[in-house]
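Numbering-wise, the sequence shown is residues 12 to 312 according to our numbering.
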Amino acid sequence: MLATLEPNELDLTPPPEIVALLNKRAHKLRMLPAVAVEALELAKNPECTISEFATFVERDVKLATDMLKIANSALYCPTTPILNLHRAVVRLGFRECQYLIMTASVSSLMNRLPLDQEWIREVHSRHSFNTALLAIHMNRIFHFGFQGEEFTAGLMHDFGRLLIALVAPERFKEIDPMDFDESPETLVREHALLGTDHCRLGAWYATQQKLPAPLPTVILHHHQPELAEQSQKLTTLIAVADHMANHLQRHEESAGYNPDSNPFWPALADHADATVEKHFHELVPAMMEVTQRDAASLMKS
12 MLATLEPNEL DLTPPPEIVA LLNKRAHKLR MLPAVAVEAL ELAKNPECTI
62 SEFATFVERD VKLATDMLKI ANSALYCPTT PILNLHRAVV RLGFRECQYL
112 IMTASVSSLM NRLPLDQEWI REVHSRHSFN TALLAIHMNR IFHFGFQGEE
162 FTAGLMHDFG RLLIALVAPE RFKEIDPMDF DESPETLVRE HALLGTDHCR
212 LGAWYATQQK LPAPLPTVIL HHHQPELAEQ SQKLTTLIAV ADHMANHLQR
262 HEESAGYNPD SNPFWPALAD HADATVEKHF HELVPAMMEV TQRDAASLMK
312 S
């Protein structure tokens with residue numbers, strides 16, 4: 012059982028040998044490039060103009076290009092192409108663009124991690140995109156009020172699994188069989204074999220990389236959202252989406268998924284629009300099917 016404190020109040024530091032391996036294999040890799048960090052701060056300034064923000068982000072050509080790819084993807088489904096960052100900010104708003112920056116940065120990092128086995132990256136990416144897209148669809152359908160953070164959180168929730176693959180490639184299948192048949196014993200097994208687990212390791216790394224809240228909290232508590240003292244609604248949303256995405260990963264289709272088996276939905280339903288919450292069971296199959304299609308599209312872009 013994880014402690015109920017938030018990431019910045021916990022000592023999540025993994026064993027020294029894990030830290031040493033991360034420093035060796037990922038010391039040059041930053042979740043957020045310098046321009047992204049400064050852009051996020053700039054967006055908080057109420058006097059910042061759209062032109063100033065877009066011009067600043069465009070200093071990092073890779074970041075700007077990745078942001079435009081995502082803004083024109085199935086995630087946002089623009090009716091007309093978004094050709095530049097100025098239009099992206101106008102269309103999406105500052106808050107959503109902040110999470111667009113983080114999504115683009117994290118996606119780029121995931122693709123650059125020097126993994127020994129590429130299949131892990133592909134499986135992880137599919138699951139991450141499925142979780143993120145399911146969170147997007149539920150946010151829109153049930154009116155939870157998030158503005159981009161749900162996609163970034165879904166994309167990031169299992170980042171610790173990639174870190175385990177990075178530091179323990181020879182033991183990865185033993186530590187994490189990636190069968191997506193998760194139980195309360197999952198984290199116990201990981202901790203026994205590694206001295207930490209993917210939630211704690213991912214939250215520690217995200218905190219070290221100064222990833223803004225609420226992302227470290229979601230990473231830490233997505234298996235036990237009831238323990239998140241802050242950002243509990245977002246953490247619970249990701250837990251619900253993760254449970255659905257696990258089914259898609261195991262069966263590659265929505266058929267056979269029983270919404271009643273999702274242990275996190277009752278807590279999330281308390282935050283849902285009452286007029287549509289009762290239709291959750293009816294809406295789940297279509298959400299899962301659209302998610303699979305959109306995830307495949309995003310992974311190709």
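Glycine is no exception: its CB is placed at the ideal position from the N, C-alpha and C atoms. Since the model is a prediction, treat every value here as computed from it, not as a measurement.
Buried or exposed by the 16-neighbour rule on C-beta atoms within 10 Å, applied to residue i
i, result
"Glu160", "buried"
"His233", "buried"
"Gln128", "exposed"
"Ala45", "exposed"
"Gln243", "buried"
"Ala236", "One detail in the question is off: residue 236 reads as Pro in this sequence, not Ala. Pro236 should be labelled buried."
"Pro227", "buried"
"Met167", "buried"
"Ser139", "buried"
"Asp71", "buried"
"Val199", "exposed"
"Val100", "buried"
"Pro27", "exposed"
"Met12", "The pLDDT assigned to Met12 is 35, lower than 50, so where the model puts this residue is not dependable, and the model offers no usable value."
"Asn150", "buried"
"Ala31", "exposed"
"Pro313", "In the structure as shown, the chain begins at 12 and stops at 312. Residue 313 is therefore absent and cannot be evaluated."
"Thr15", "Low confidence applies here, because Thr15 scores a pLDDT of 45, under 50, leaving its location unreliable; read the following figure in that light. Counting Cβ neighbours within 10 Å, Thr15 comes out exposed, since fewer than 16 surround it."
"Thr60", "exposed"
"Gln303", "buried"
"His38", "exposed"
"Thr286", "exposed"
"Thr90", "exposed"
"Asp22", "exposed"
Nearest-angstrom beta carbon gap, residue j and residue i [assumed within contact, 8 angstroms]
i, j, result
"Ala176", "Phe170", "Contact flag wrong, Cβ pair sits at about 11 angstroms."
"His209", "Glu201", "6 angstroms"
"Thr207", "Ile29", "6 angstroms"
"Val295", "Tyr268", "7 angstroms"
"Pro223", "Leu51", "7 angstroms"
"Ile186", "Leu212", "The pair is not a contact, with the Cβ atoms about 11 angstroms apart (cut-off 8 angstroms)."
"Ser119", "Lys73", "7 angstroms"
"Ser327", "Ser308", "Past the boundaries of the shown model lies residue 327; the chain is included only from 12 to 312, so the question cannot be answered."
"Arg36", "Val178", "7 angstroms"
Contact check, residue i vs residue j, beta carbons under 8 angstroms
i, j, result
"Val117", "Met189", "no"
"Ala47", "Asp77", "no"
"Ala265", "Glu300", "In the sequence as presented, Ala is not what sits at residue 265; that position holds Ser. Their beta carbons are under 8 angstroms apart, which means Ser265 touches Glu300 by this criterion."
"Thr142", "Gly165", "yes"
"Leu33", "Leu231", "no"
"Thr145", "Met255", "As written in the sequence, residue 145 is Leu, which differs from the Thr given in the question. Yes, the Cβ-Cβ distance between Leu145 and Met255 is below 8 angstroms."
"Leu124", "Leu40", "yes"
"Asp305", "Arg261", "no"
"Ser136", "Met113", "no"
"His154", "Asp284", "yes"
"Leu96", "Ala65", "yes"
"Pro25", "Ala214", "no"
"Tyr110", "Phe67", "no"
"Pro270", "His292", "yes"
"His148", "Met298", "yes"
key: Cβ contact check for the segment 269–276 and the segment 106–115: 3 or more pairs under 8 angstroms   = Too few Cβ pairs lie closer than 8 angstroms, so no.
query = Which whole runs of the alpha helix (DSSP H) in the segment 158–232 are 4 residues long or more, in chain order?
reply = Counting only runs of 4 or more, we get 160–167, 170–178, 183–186, 196–205, 209–219 and 226–232.
request  = Enumerate, from N- to C-terminal direction, the unbroken alpha helix (DSSP H) stretches of 4 or more residues contained entirely within the segment 103–127.
outcome  = Within the segment 103–127, the complete alpha helix (DSSP H) segments of 4 residues or longer fall at 105–123, listed in chain order.
request  = Go through the segment 247–294 residue by residue and report every complete run of the alpha helix (DSSP H) that reaches 4 residues or more, in order.
outcome  = List check, alpha helix (DSSP H) in window: 276–280 and 285–288.
request  = Only counting runs of 4 or more residues, tell me where the alpha helix (DSSP H) segments fall wholly within the segment 25–65, in order along the chain.
outcome  = With a minimum length of 4 residues, the continuous alpha helix (DSSP H) runs that stay inside the segment 25–65 are 27–37 and 45–54.
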